[in-house]
Amino acid sequence: MTDENTADSNTTTGTNTAEEENQSELTAVRYADGTLGYPAHTLGSDGNPPVDTIDLREYTAEIITWTKATATPPGVREPNTLAIVEFEIDDESVRAIGQVTTTEITIGDRVEPVYVSELRDPTAGIREPDSQAWDGYRFKPIK
Numbered sequence: 001m002t003d004e005n006t007a008d009s010n011t012t013t014g015t016n017t018a019e020e021e022n023q024s025e026l027t028a029v030r031y032a033d034g035t036l037g038y039p040a041h042t043l044g045s046d047g048n049p050p051v052d053t054i055d056l057r058e059y060t061a062e063i064i065t066w067t068k069a070t071a072t073p074p075g076v077r078e079p080n081t082l083a084i085v086e087f088e089i090d091d092e093s094v095r096a097i098g099q100v101t102t103t104e105i106t107i108g109d110r111v112e113p114v115y116v117s118e119l120r121d122p123t124a125g126i127r128e129p130d131s132q133a134w135d136g137y138r139f140k141p142i143k
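Going letter by letter, the sequence shown gives residues 1 to 143 in UniProt numbering.
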């Protein structure tokens, strides 16, 4: 990992557009014991509900591990690079899994979430296109 990839994970990305504000959320939750969760669950491991929400779009993350799928389901890009990333927030961490914008990544790279209106082609496959949301976030390496 190079020095340029060791930026503080609290760095605001500042890349959210008005379209993103009205679209899919990337929200983690904080529980009373200080732990974080993503995706959000009604109750934490201590049986209590969340006490706060955290917009992960405002943070950068580190790639913990990644893989590249070359045989993908209908409508999913080939190759499809996926990564598990870790966000560090106030001395706690929370992990997420998602697509990556490029195949040129390594463990330890810093990434930021970027909104994508279609993570896969809604006309491919057996689901009706209007039956679910197709938008979400990919992780883009920070140079």
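Beta carbons are placed, not taken as given, at the ideal position from N, Cα and C, and that holds for glycine.
Quiz item: With respect to the beta strand (DSSP E) encompassing residue 93, which residues constitute its N-terminal and C-terminal limits?
Solution: 92–99
Practice problem: Following the continuous beta strand (DSSP E) through residue 82, name the residue where it begins and the one where it ends. | Solution: 80–89
Exercise. Leaving aside the five residues before and after residue 144 along the sequence, list all residues of the same chain whose C-beta is less than 6 Å from its C-beta, in chain order.
Key: Residue 144 lies beyond the range of the chain shown here (1 to 143); nothing can be said about it.
Self-check item: Any 3 or more C-beta pairs closer than 8 Å across the stretch 48–63 and the stretch 99–109
Solution: yes
Self-check item: Meets three-Cβ-pair contact criterion under 8 Å: the stretch 37–56 and the stretch 67–84
Solution: no
Practice problem: Put residue 129 into one of helix, strand or coil per three-state DSSP. | Solution: helix
Self-check item: Sequence-distant residues of its chain with Cβ nearer than 7 Å to residue 21 (five each side left out)
Solution: Model confidence at residue 21 stands at a pLDDT of 49, short of 50, so the residue's coordinates are unreliable; what they give is reported in the following sentence. Cβ within range, chain order: n/a, list empty.
Quiz item: So, helix, strand or coil for residue 56, using DSSP?
Solution: helix
Quiz item: Per DSSP, residue 30 forms a beta bridge with which residues?
Solution: 36 and 52
Quiz prompt | N- and C-terminal bounds of the beta strand (DSSP E) containing residue 116 | solution = 110–116
Quiz item: Is it buried or exposed for residue 98, if we count other Cβ within 10 angstroms and need 16 for buried?
Solution: buried
Quiz item: Would you call the CB atoms of residue 103 and residue 79 closer than 8 Å?
Solution: yes
Quiz prompt | Residues that DSSP places opposite residue 141 in a beta bridge | solution = 111
Quiz prompt | Beta-carbon spacing of residue 36, residue 86 below 8 Å | solution = no
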